[in-house]
Structure formats: structure tokens, C-alpha cells
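Just so you know, the protein sequences line up as chains A and B, in that order. Residue 8 is where the first sequence starts when you use the numbering used here, and the numbers rise one by one after that. Residue 1423 is where the second sequence starts when you use the numbering used here, and the numbers rise one by one after that.
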Amino acid sequence: MQGIYGGGMSLLAFFARNSRELLGLVGQHVYLVAISTGAAIAIGVPLGILLTRRPAWRGPVLGLANVFQTVPSLALFGFLIPLPFIGGIGARTAIVALVLYALLPIVRNTYEGIAGVDPAVREAGRGMGMTDGQLLRLVELPLGLGVMLAGVRVATVVSVGTATIAAAIGAGGLGVYIFRGVATVDDTLILAGALPAALMALAADALLGLAERKLAWRSP
Amino acid sequence: MRREIALSGWILLLALGCAHPDRIVVGSKNFTESDLLGEIVAQQIERRAALPVERRFHLGGTFVCHHAITAGQIDLYVEYTGTAYTAVLKFPPALDPDSVYRAVAAEYARRFSLSWGKPLGFDNTFAILVRRADAERYGLKRISDLAPVVPRWHAGFGYEFLERADGFAGLARIYGLRFAAPPTAMDLGLTYRALGQRKVDVIAGNSTDGQIAALDLVALQDDRHYFPPYQAAVVSRAPMLSRYPTVAKALVELEGKMPDAEMRRLNALADVEHRDIAIIARDWLRANVP
């Protein structure tokens, strides 16, 4: 009680005392989110495009991405620890888990964005003699970009929150304060991790929202 | 003003929490032993006091249980004296089991209107664990045997152990342990897995844990008596006990009935043989609290 309601000052005092550690954890957190979201985009966007070309794969692929979402993080870490290359303890395992969690919104929105392009527009492109590649590059991607970016935005914001669990496997990040706080019954410490993470999620959301609007203007 | 709003919020929460007439809510923390003890307590109340019991098990650790019971969301759960003493009350670690128990019981009654039952019998302290193969190769029996080998070793510890006043920092100082790299901070459950998979070489688990036997680990002896006592006992809301004297009587019957070896055996039944907790609890009650 004291920590949450009378704790505004103690939280500020905590930040003042531990500013270097806080910056380090924020840095780790940004690193985890950036690498994992980047990898999820690199995997998820081509996969989403592929699904528009192979509609039969849509069910199984999106189903699998759905399943990853539902596996609790500690269970996922437990499975990942024994695996070579992608497993073990530390940042790598956390990033693998975060990529798996971020895939669904990116794959799904890429697919929906492209599949949602007006068939008449697509036909017009074909009628002009466009190849499949040209159709994708010049028509489908620009028109679907808004929906695709919305998926990236959701994935990023969710990742900022999810990345707090990286602390469970020795990968650092703001979850360290949360785990420490939970372990020592210390509300101030929990807030010291949760509050910067929430601010970071809001900032990421605003930034990507801006990008979404900018790019949407440019697209025809 | 803000404090008043906060306070009225808590009172509202408290009122809502108390609004479960003739139903006892038993909580437990998020590990097997706590679930097992919660189930034993729940069944004991069911069969002796004939009151409906609601189980709110596997709550997220000391933090959640403590907030839940002070807010009246649960009526009782099993807590450890050392945890209450250092983690909740923030007292510096102390070694004498009796004085720790007395201080905890007095402070809980005064600050939170919570009542401590007498200890159940076992002491679940931290256990420094290594793989049996390593223990045999390097002749490790006591924690002090670790000092020469740890400069080449990697440790993985839970956040609780790394943060607590009676945790890693003091252990490293008392035993002169100098690891090559700082220990990896991770979830306690995952440290067992990481040790079994040779990702780390030494961890700090719980001395009554069933995984110690399951993963063929060795618990090193605390030869310099660093770890404080962690006697388990039932913590209850005092108003609930005075309202239901039959519950209080049922709980007294459990006091002193659970020695260390018995707790380890029950944990292993649940964790290693994957038996149903409700059945383990029922069988144990039948045999030990007839």
C-alpha cells in the first residue's frame, strides 16, 4: 500500500539513485524489442505474402502462429533451454520467444492487407500486362501497407510489454526490476520496471502511428 | 485527499473480500510445496470444520499472497518464517528459529491482524545445488568446498535469492565464492532446468524440493550456518479464526506433523511421480492426522 500510494517520491528517488542501471536496462529492453520485431518482420512479411499466393497454407500457418501466442512464456523458455543454437539461457532465447510471439499480428495483417486489395484494381493491373512481381510491388504492397503497418505497430507495442519476461531467462531488460520487486515484495521496484515499459510502449505506438500516417499519404 | 481515496479503495476491496459468508478461502504460492500444503490445509478444514473451502492456489509468490491476505481476498495460506521476517517485514536476517518465529508472529498480529499458527515441522531453507557428477568429481560436500572450483563456474539464481538480504551477496562473502562472471538472474524454476542441461553449474533451490532427487542433484551442506530458518506455518486472518473456532482447532492439529523428510517425500510424489496433489494430501492426512 505504502509503495503504491505513498510511493511517488520513493519511485523518483529510486530513479535518481539508480539512473545508470535504469538506462542500461532500458537499453537492453530496446535491443530485445528492436531485434525481435525486426526479425519477426523479416520472417512475417514474406510469409504473409506467400500465404496470399498459397491460400491452402493460410489455415495451418496462422494456426501455428496462434498456438505460439498461447504458450506461456516460462513454458516456452523451458522448451527452448535444451535446444542448440536457438536455446540456452540469455538474450538469444528471449529473442526467439519474442519473435514467435510477434509473428501472428505481422503475418496476419500482411495477408489481410494484400488480400483486402480491391479485386478490380488487381484486375486492372493484370490488364495492363503487369507480372505477378510488378503487381505485388506496384499495386498490392502500396495499397496494403496501411494494414501491414498496423500489424507491425501492434506487434511492437505488445513486444515492449512481453519483453519484460526476458528477465526470467537472464536476458535483462526492464523485467529485471519487476521480477526483483515481485521477489522482494517491493512495490516501488515493480513500478520502476513497469512504468518505463509502459512509457516505452506509448512512445513506440505514437512513433509507428506517425510512420503509418506518413506512408499512407505517400501511397497512391 | 489522494491518500483518502486510496484508503477508501482499500476498504472497499477489503469489504468485498470479506463478503464470502461461510466459505474459507485458502491460498498458496506458485510452487508445488505451497500448493501441496494449501491442499492439506483445505482438506483438513473441509473434513473437520465441515465448511466449504475455496482454493485460490498458485498465486504469484509471497508478494501476491501477502497482498491478497491483507486485503481479505484469501483467509489463510502457508508462509515461511524467514520469508516473512526478511522479505515482508524487512528485518535483517537472523539465525535463531524461535526468536524469528516470535518476532514474525508478534509483528503480523500488530501490523496486519494476521495470526501465525505453530510451525508445521519442517524447515525449507535455501539449498545450494550442483549436479551429482560434479559433486563426485570435485569432492563437493559442503558449500565451503565450492570456493576453489567456482572461479571456473557459472551460476544461475532466482531473483529472490539474488535480491534478498539473506541471499547471494552474503553467501559469496561468508564462503569467499568468486565466480568468473556475475550469476545469471533468471526464474527459479528455470534454474533447475538450466542446471540439468549444463547451462549453469550451481543454483540455489529449496531444500525440500522434489526436483533435487529427480534431477540427481546434490544439496551442499551449509557448514558456516549462513541461511536463516524457514519454518513453514499457516498464516490466517485473525477475524476469520475467531469467527470459526472449528477452523482454528482443525489447523492446530497440523502443527508439528510435517518433518523435513516427509515434506521432501510429498514434493517428490508431486514433482517426480506426477501424482495428483489432492490424492497426496488426502493420503497424508489419513495417515498422519487420523
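Using N, Cα and C, we set each Cβ at its ideal position, and we do this for glycine too.
- Residue A162(A) holds the alpha-carbon nearest to the alpha-carbon of Q76(A) among L202(A), T191(A) and A162(A).
- Taking the Cα positions, K1679(B) is about 13 Å away from A1703(B).
- Going by C-alpha positions, G1494(B) is about 19 Å away from N1452(B).
- Distance from the CA atom of T171(A) to the CA atom of R1665(B), rounded to whole angstroms, is 43 Å.
- Contact between I42(A) and I113(A) is ruled out by a C-beta separation of about 15 Å, above the 8 Å threshold.
- When the beta-carbon positions are compared, G177(A) and G1578(B) come within less than 8 Å of each other.
- The alpha-carbon separation between S1521(B) and A1655(B) amounts to approximately 15 Å.
- Among the residues facing chain A, H1480(B) is not included, as its CB has no counterpart in that chain under 8 Å away.
- Chain B places no beta carbon closer than 8 Å to that of T171(A), leaving this residue out of the contacts.
- At the C-beta level, T117(A) and I56(A) come within 8 Å of one another.
- Contact annotation, L1459(B) with V1500(B): C-beta distance approximately 4 Å; criterion of less than 8 Å satisfied.
- Between the beta-carbon of I1496(B) and that of V1463(B) there is about 11 Å, and that puts the pair past the 8 Å contact cut.
- Under a criterion of Cβ atoms nearer than 8 Å, the residues of chain A adjacent to R1586(B) are, in order, A190 and T191.
- Taken atom to atom, the span from the alpha-carbon of R1532(B) to that of F1544(B) is near 26 Å.
- One Cα belongs to D1567(B), the other to P1514(B), and the distance between them is close to 27 Å.
- Residue G132(A) holds the alpha-carbon nearest to the alpha-carbon of E147(A) among S26(A), G158(A), T169(A) and G132(A).
- Between A122(A) and T59(A) a beta carbon distance of about 6 Å is seen, short of the 8 Å cut, so the two are scored as contacting.
- Between A213(A) and the set A190(A), L181(A), V164(A) and A173(A), the nearest pair of CA atoms involves V164(A).
- Within the model, the alpha-carbon separation for N73(A) versus L111(A) is close to 6 Å.
- For N1628(B), the enclosing beta strand (DSSP E) stretches over residues V1624 to N1628.
- Of all residues in the region 1503-1514 of chain B, those with a C-beta nearer than 7 Å to a C-beta of chain A are A1509 and V1510, reading in chain order.
- Closer than 7 Å at the C-beta level to chain B, one finds no residue of the region 128-155 of chain A.
- Per DSSP, L1639(B) is one residue of the beta strand (DSSP E) stretching across L1639 to L1642.
- Taken atom to atom, the span from the alpha-carbon of L196(A) to that of L18(A) is near 8 Å.
- Residue-level contact check: V183(A) touches chain B, since one or more beta carbons of chain B fall below 8 Å from its beta carbon.
- Contact with chain B is found for F84(A), since one of that chain's Cβ atoms lies less than 8 Å from the residue's Cβ.
- In the three-state reduction of the DSSP assignment, W1575(B) falls in the coil class.
- For R1686(B), no beta strand (DSSP E) segment is defined; the enclosing uninterrupted segment is the alpha helix (DSSP H) at D1682 to D1693.
- With contact defined as three or more Cβ pairs closer than 8 Å, the region 1623-1634 of chain B and the region 90-107 of chain A are not in contact.
- Residue environment: F1548(B) is assigned as buried (16 or more neighbouring CB atoms within 10 Å of its CB, all protein chains considered).
- For Y1652(B), no chain A residue has a Cβ inside 9 Å of its Cβ, as the nearest lies near 15 Å away.
- According to the DSSP assignment, S26(A) belongs to the alpha helix (DSSP H) that extends over S26 to R60.
- Contacts with chain A (Cβ-Cβ distance below 8 Å) from the region 1594-1622 of chain B involve T1606, A1607, M1608, D1609, G1611, L1612, R1615, A1616, Q1619, K1621 and V1622, listed in chain order.
- DSSP places W1538(B) inside the beta strand (DSSP E), whose first and last residues are L1536 to W1538.
- H1480(B) sits in a strand when the DSSP states are folded into three classes.
- DSSP, reduced to helix, strand and coil, places V106(A) within a helical segment of the structure shown.
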